[in-house]
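In this note's numbering, the protein residues as written are 1055 to 1769.
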């Protein structure tokens, strides 16, 4: 299994880094001169492989133009890399800067096909394309990774994928595949973190929870510390002067920071007409200086069309108005003296005064900032109309919208609050149900919009259908019920008492309640269900009184099975999933009885625990068993040890509380304890292998098929 190096901050081969920097600074001249294919091999490809640690002078290690064995019509890649008497991968080189054709891609794949290898690399010196021949489809479908030599992480990525130490391993092909998945996930998270998440541990946890699909989320959780170190802990530098980076550094996508608008010093502008005229000029000037490939928005100012093409350009234009008016201090939280002093990964626009404006926001966030800034300029309401995705937004809007600090994007910070009322004196179950119905429907109506579709097929309370569109609506309605009952103290961990959620930890989303406090609502569907389940129990309502049909499944809450909920600082997705029915330790001795118990426990866990997808299929002793994930198999095996009264043999995985190691994922077992399940697929495989050996089961009695490969355990 691929594991990142501990404290992996400066693990890139410094010689490789130096070579890449040297190559990159010369690329522009070489492209102008027009290097041919042989020259590209000589001055780029062989230099890089030498820096990686290959002996390029050994013709039996770096093999040039070896025929695959087909005679005159055989396949002849530029290089075949061979280590320890084993062919590793091929490299096909094209002219520097050449645009790759489908024929080029097919050629690279044909080479590894003819040689029985898995990995092919196609490069023009600048771009390095990695093809995995194990993937299905045409050549383009087998392209799994592209590395640009001029980007920030080229040295790191090339070393992780091509270093001789990697390819000398007996599991090299699988290791490279796992590295590719990790690096793609890291790249994706870097982009996600630019969209309003705070540059800290909480922000990264929130990005993983809210933005990744289940399979990627599991990988991210199992490698969280490595991702944290690589994405957030290394301060890197952005060069804004040279056309290409002279150091391997983290540069935003807009490394040139766009063309700054000419600066002529603060203007004395007082009247509303003059401000509107200045606003038009600056937005149009910025849009002209920064053309886009597509026009995301259309705009009118004071009912007259203006030339604006994107949220970013409109936002930058308004910032230029503040600069021109000498009122830059009013938006100082968004403007910086130098992007090099800011945290890695943000994007900036250089302003006419030489300073830098952060511009890596979502359309929704741009809209809120623009709304706030126009109010600061005291222009008329709805003077600016921006049409985006067939909807028109009139700014500044008459409704007050609180905007988060530049370090984050709290999407629902200060949304319209539900009508407040004095605490009601409600005692009977019937009255509580009536109040709950009213509050959920009131919340749904308050936060509803014509374009907002319901996520639910049907919601029933005590057998009667009610109006609710989303899990946050139900949670907010429940919170309002506690307020109406004067019992807010029972859910105080979820309600923040500050006047503004901006004073709370960044990166979260909130709903404003009728008592002017704020409810955090940015949980996953599973997290929201667990909170709702817990709160309904606090109200002592009948079991299954609330029935919600969501994604073709009906959830009956509160459930008869106790479900504990993680603290508001995190959402350990499976911190106590439905436990398997507990029983006294069984007296089981024979292998046949153990196998029978194992089958029952795995199937029971899989049935009681919903899965996002069927990652695996499994057979026990040659007979298919009903299971769907590595996690469920592992939990079922743990339940088998409990059933055998042998829990102590796997005590390293079991904890008295899900809080003993915070931030990890657990499953609650039938004995009330917690099983740590925060592992990758490969780690689960290893732990399952170990547990089956402890049970002294026959070798390869469990066959698990995962991503087209079958693993026979115990090995």
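Ideal Cβ positions, reconstructed from N, Cα and C, are used throughout, including at glycine.
These numbers were taken from a predicted model, which means no experiment stands behind them.
Neighbourhood of residue i by C-beta, 6 Å cutoff - its chain only, sequence neighbours within 5 removed
i	result
residue 1491	1515 and 1520
residue 1186	1196 and 1198
residue 1227	1172
residue 1353	1360, 1362 and 1440
residue 1047	Nothing can be reported for residue 1047, as the shown portion of the chain is limited to 1055 through 1769.
residue 1146	1131, 1132, 1162 and 1176
residue 1083	none
Residue nearest to residue i in terms of C-alpha spacing, selected from the options
i	options	result
residue 1097	1076, 1143 and 1600	1076
residue 1215	1195, 1183 and 1242	1183
residue 1696	1654, 1678 and 1676	1654
residue 1586	1531, 1568 and 1565	1531
residue 1484	1164, 1593 and 1175	1593
residue 1410	1382, 1234, 1420 and 1433	1382
residue 1266	1718, 1245 and 1566	1245
residue 1685	1750, 1735 and 1704	1735
residue 1705	1445, 1150, 1741 and 1358	1741
residue 1662	1243, 1683 and 1178	1683
residue 1357	1753, 1425, 1343 and 1436	1436
residue 1569	1563, 1753, 1546 and 1406	1546
residue 1563	1231, 1261 and 1157	1261
residue 1148	1069, 1121, 1119 and 1092	1092
residue 1610	1418, 1406, 1731 and 1517	1517
residue 1678	1194, 1660, 1529 and 1757	1757
residue 1385	1418, 1425, 1355 and 1151	1425
residue 1041	1700, 1727 and 1702	As displayed, the chain neither begins before 1055 nor continues past 1769, which places residue 1041 out of reach and without an answer.
residue 1528	1482, 1577, 1090 and 1541	1577
residue 1674	1660, 1345, 1658 and 1650	1650
Residue i burial status per 10 Å Cβ neighbour count (16 or more: buried)
i	result
residue 1597	exposed
residue 1259	buried
residue 1776	What the structure shows of the chain is the stretch from 1055 to 1769, and residue 1776 is not part of that stretch, so it cannot be assessed.
residue 1192	exposed
residue 1284	buried
residue 1111	exposed
residue 1113	exposed
residue 1413	buried
residue 1444	exposed
residue 1178	buried
residue 1224	exposed
residue 1380	exposed
residue 1368	buried
residue 1088	exposed
Cut-off 7 Å between Cβ atoms - residues of its own chain near residue i, not counting five sequence neighbours on either side
i	result
residue 1729	1689, 1692, 1707, 1708, 1720, 1721 and 1723
residue 1141	1134, 1169 and 1171
residue 1202	1180, 1181 and 1208
residue 1745	1691 and 1704
residue 1391	1409
residue 1760	1669, 1670 and 1735
residue 1282	1255 and 1258
residue 1370	1340, 1403, 1411 and 1413
residue 1104	1110
Extent of the continuous beta strand (DSSP E) to which residue i belongs
i	result
residue 1510	1510-1515
residue 1435	Element bounds for residue 1435: n/a, residue is neither H nor E.
residue 1411	1410-1412
residue 1199	1197-1202
residue 1182	1181-1186
residue 1760	1756-1760
residue 1679	1677-1679
residue 1353	1351-1355
residue 1145	1140-1147
Own chain, CB closer than 8 Å to residue i, minus 5 neighbours either side, in chain order
i	result
residue 1579	1525 and 1604
residue 1543	none
residue 1218	1106, 1107, 1108 and 1137
residue 1613	1587, 1597, 1598 and 1632
residue 1648	1642, 1694, 1698, 1749 and 1751
residue 1388	1373, 1411, 1412, 1423 and 1460
residue 1769	1743, 1753 and 1754
Cutoff 9 Å: residue i Cβ touching any chain C Cβ
i	result
residue 1113	This model lacks chain C altogether; it includes just one protein chain.
Start-to-end residues for the alpha helix (DSSP H) that takes in residue i
i	result
residue 1655	1645-1662
| said: Across the segment 1421-1433 and the segment 1338-1347, are there enough close Cβ pairs to call them in contact, namely three or more that are closer than 8 Å? | reply: No: fewer than three Cβ pairs fall under 8 Å.
| Touch check for the segment 1127-1137 and the segment 1151-1168: three-plus C-beta pairs under 8 Å? | yes
| field | Stretch pair the segment 1266-1278 + the segment 1230-1239: three plus CB contacts closer than 8 Å | value | Taking 8 Å as the limit for Cβ pairs, the verdict is that the segment 1230-1239 does touch the segment 1266-1278.
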